[in-house]
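Read the structure below first, then the notes.
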Amino acid sequence: MALLAFPLVISFLKPHTSGLSLLRAGKPIPSRLCKRLFLRRHFTRIGVSAVSTSAIPQNSSSTDPNNEPLRASVPTFQQAIQRLQEYWASVGCSIMQCSNTEVGAGTMNPLTFLRVLGPEPWNVAYVEPSIRPDDSRYGENPNRLQRHTQFQVILKPDPGNSQDLFIRSLSALGIDVSAHDIRFVEDNWESPVLGAWGLGWEIWMDGMEITQFTYFQQAGSLQLSPISVEITYGLERILMLLQGVDHFKKIQYADGITYGELFLENEKEMSAYYLEQASVNHIQKHFDFFEEEAHSLLASGLAIPAYDQLLKTSHAFNILDSRGFVGVTERARYFGRMRSLARQCAQLWLKTREALGHPLGIASDPVNVVCPEELLDTAVKKVNDDSRLFILEVGTEEMPPHDVVDASEQLKELILLVLEKQRLSHGEVQAFGTPRRLLVSVENLCTKQAENEAEVRGPPVSKAFDLQGNPTKAAEGFCRRYSIPLDSLYRKIDGKTEYLYACIKESTRLAVEVLSEELPSTIANLSFPKSMRWNSQIMFSRPIRWILALHGDVVVPFSFAGVLSGNLSYGLRNTSSATVLVESAESYAELMGDAGVKVKIEERKKKILEHSNVLAKSVNGHIVFQEGLLNEVVNLVETPVPVLGKFQESFLELPKDLLTMVMQKHQKYFAVTDDGGRLLPYFIAVANGAINETVVRKGNEAVLRARYEDAKFFYEMDTRKKFSEFRSQLKGILFHEKLGTMLDKMMRIQNIVTKLSLALQIGEDRHQVVQDAASLAMSDLATAVVTEFTSLSGIMARHYAIRDGYSEQVAEALFEITLPRFSGDILPETDAGIVLAIADRLDSLVGLFAAGCQPSSTNDPFGLRRISYGLCCICFF
């Protein structure tokens, strides 16, 4: 672990010429080697400071301030670490060291978890060897290691251009970001163990996830302020892409020595421990001991050592999980215990830092950007009488695909309400959207409000005049309010009361004045399933980075979420000149087209389908069309570029459901079949923008190959046994502490289906199918494929049953016991499937309620509402 944390590898690990050997031999050292040795000893000492943003131009992903391309040679593994350390140090981060306790991710290091709490600024970077027993593959899988290396960056508070800082770090690594398909794919990150969550992205390069990028919202179950940005690089994956190798073993760790030569044996032996040798009984005891020790340390007021014990409980749990001991229900209980410790550690840490007087200071509040009045004065002077096109573009960091559609339609409806309320005549109103922008256009928007007379009710007549008929203060005040004479008032009966009324001529204002006032609240009224904060208290899907608001050639000035509106937009991330100056609303569409951005969702869909069909036909195939996949992919890109890739035909021996699930769910690829529906060894990925198609194709093929190698690894493990043999392994999967293992649950279900079959008067032949299926039900939960790909539960049971010669009726019932899996899913249709599905849900509901797991108004950790909903659907629909 220490070796990975330090960026240099000792030269005598493998015989080769080194400065050390030359010195010992008394020989002169070549100047190039002197330089290398000097650079290896050069360390920058800096303090904790604000991250520099002035030196890094926003939206300039691949160029320096002079628009010169940033290039670097392909690094070795240790050089990559050096480059990242040097880059992040250059923008104000302190370079730290890894944790000395096993952690599953850099997030769990106290340098992240504890330090994102509280008001103190914190900008750090460090290497973190991360231990994940469940990823043990004996060194056989190209991308999976039980110990992989992360490079962790924390920016607190959010500097405002963290995405640009990240993109430039890729250039510092030697990545030509203009050639690769680099995308920010939605990731709603959550750590149930740490009581932490945040919104952000998986960052993909040519289909491979290379980094996680998160705006932390909560840690230790506590709301965070200020917000921290976490950037977590997966170094092995990045180096495989950079060096063009197909396995982590082949990565050049340093000159003349590979990653495999250093660490392969470690992977083999630790995999054997985690997957085969670790004693479940001993590890359970370790968990309990570590938990007890943590509570003792918390009682003594020691947050840091208590948190260290929490990390040990987490590692113990991960080992239990890798051994297949933890069932879905019992997982929630373990998570609850660890989450409670994390919350107590966090609370104690905050008290400690407050008692110390926050030695690192208090992070300054974000600047509150207010729209200067002179901007509105200038806009008013430019207005003429002609109706013009109005464009509102809210520019953001990449939004989730479903947010693009929903929010753009919401924005359209809100704009229509404003126009109607403010008496602004207009033509057609349209909504558009891409991952980085919400857009509304209004044709022929007038420049001035329409004149209007409104009837206004005043005070009751009985209170407007005294007994002598003289006007009271109520009547006089009403007249003063609207600047009208007393004799212009008239009487009307409303209900049973007579009131004074006046006809008021409303004043007219310019559209630019009205919109300047209305648009901030209009944007604020957009709602999202999940919203986040960044450098202000504004909640939005993802951070807002620019706002374009133009009525003709007049900027509608206003500010929202710390952003001032203007006439600047932005093109694709991977272009050298991303900024687009929009002189008038009418020129917007052409300018964005020239910048490579297709703002119309339907236009992007059309291009994806047309080009994908052409590519599929080129290999005598058809794309497997999935509307949900298309709707997701179309809003992951601003300029879709379908790319045809190929995989090895030998993978077609794996189950079709497994292959297509990996393609569609994990990689967002379209599968390709022949006329008979047989899967072909091709796929279509949809890249974004101007790319090098050869590079992107090669990258996506490598990613899918690794995914399929993983699937093959698990499938071959499963098929060494008969499907019926997995039933006994269910005794190693805990359902619930008070309800026993999954095997106990299945035995209860067998008893239930016997009685249920009789009650439902199922025939003798179908009753036998029910009994046969019940004896195998949920056995696939113990298989390696379902452990890794949980969404295939039921699907793989059906496949393995047919493979072992069971009848199609039994196999279908094994699939249907899982139905419905979600709202709107298909329901079981066979008698055997219906009986099994009802029995499973009855057992879960009765058992979990009896065990005290009933849901609250805000919490349902065991999914009892979903189970109840499924049961009702089966019984009544």
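Residues -19 to -1, 1 to 858 in mature numbering (1 follows the signal peptide of the UniProt record, and there is no 0) are what the sequence shown spells out, letter by letter. The beta carbon of each residue, even a glycine, is placed where N, CA and C say it ideally should be. A quick note: this is a predicted structure, and the numbers were derived from the prediction, not measured.
Taking the alpha helix (DSSP H) that residue i belongs to, which residues open and close that run?
i           : result
N594        : I582 to K598
M728        : M723 to A740
H296        : A284 to S303
V791        : E789 to E797
Q144        : S143 to L154
P501        : A492 to A505
A687        : E674 to D699
D187        : Here D187 belongs to no alpha helix (DSSP H), and DSSP marks it neither H nor E.
residue 861 : No answer is possible for residue 861: the residues shown for the chain start at -19 and end at 858.
P662        : It is not in any alpha helix (DSSP H) - P662 instead sits in the beta strand (DSSP E) that spans L660 to N669.
C460        : K454 to Y463
G609        : E608 to V614
My output table needs one value for residue i: the three-state DSSP class, helix, strand or coil.
i      : result
I848   : helix
F371   : strand
L357   : helix
W69    : helix
L762   : helix
F830   : helix
H780   : helix
P623   : strand
P416   : coil
N349   : coil
M573   : helix
E378   : coil
F306   : coil
P140   : coil
H647   : helix
L3     : Only weak support is given to the placement of L3: the predicted model assigns it a pLDDT of 31, under 50, and the value that follows is read from those uncertain coordinates. L3: helix per DSSP, three-state reduction.
S159   : coil
Y858   : Going by the sequence as given, residue 858 is Phe instead of Tyr. Reduced to three states, the DSSP call for F858 is coil.
P(-13) : In this predicted model, P(-13) has a pLDDT of only 34, less than 50, meaning its place in the structure is not dependable; the value taken from the coordinates is given anyway. In the structure shown, P(-13) sits in coil (DSSP, three-state: anything other than H, G, I, E or B).
M77    : coil
In angstroms with no decimal places, state the Cα-to-Cα distance between residue i and residue j.
i    : j    : result
S760 : Q710 : 8 Å
I163 : N669 : 8 Å
E409 : F371 : 11 Å
V827 : Y240 : 52 Å
S497 : V537 : 6 Å
E487 : E457 : 20 Å
Y696 : I807 : 26 Å
L245 : K230 : 7 Å
S550 : L467 : 54 Å
D227 : Q645 : 22 Å
I519 : P501 : 11 Å
L685 : Q648 : 8 Å
T93  : G73  : 17 Å
R320 : E494 : 51 Å
K587 : L553 : 20 Å
E167 : V734 : 42 Å
V563 : G543 : 21 Å
Residue i: beta carbon under 7 Å from a heavy atom of the ligand ZN?
i    : result
N365 : The ligand ZN is not part of the structure shown, which contains no ligands of any sort.
For residue i and residue j, which I take to be in contact (beta-carbon distance under 8 Å), what is that distance rounded to the nearest angstrom?
i    : j    : result
G414 : I582 : 6 Å
L126 : E248 : 6 Å
V600 : Y663 : 5 Å
G176 : A200 : 7 Å
A86  : I219 : That belief does not hold up - the Cβ atoms of A86 and I219 are roughly 16 Å apart, past 8 Å.
A820 : I730 : 5 Å
Specify, as a first and last residue, the run of the beta strand (DSSP E) that residue i falls within.
i    : result
P440 : N433 to P441
H129 : R128 to K137
F651 : F651 to T654
R164 : I163 to S172
F716 : L715 to H717
M520 : Note, M520: premise wrong, no beta strand (DSSP E); not H, not E.
F104 : Here residue 104 is Asn; the residue named in the question, Phe, does not match the sequence. W103 to I112 is the extent of the beta strand (DSSP E) around N104.
T556 : Note, T556: premise wrong, no beta strand (DSSP E); not H, not E.
D475 : Y471 to D475
Three or more beta-carbon pairs under 8 Å between the segment 327 to 340 and the segment 523 to 540, yes or no? no
Does the segment 343 to 359 come into contact with the segment 105 to 114, if we say contact requires no fewer than three beta-carbon pairs (one atom in each stretch) closer than 8 Å? no
The segment 767 to 779 touching the segment 796 to 810, judged by at least three CB pairs closer than 8 Å: yes
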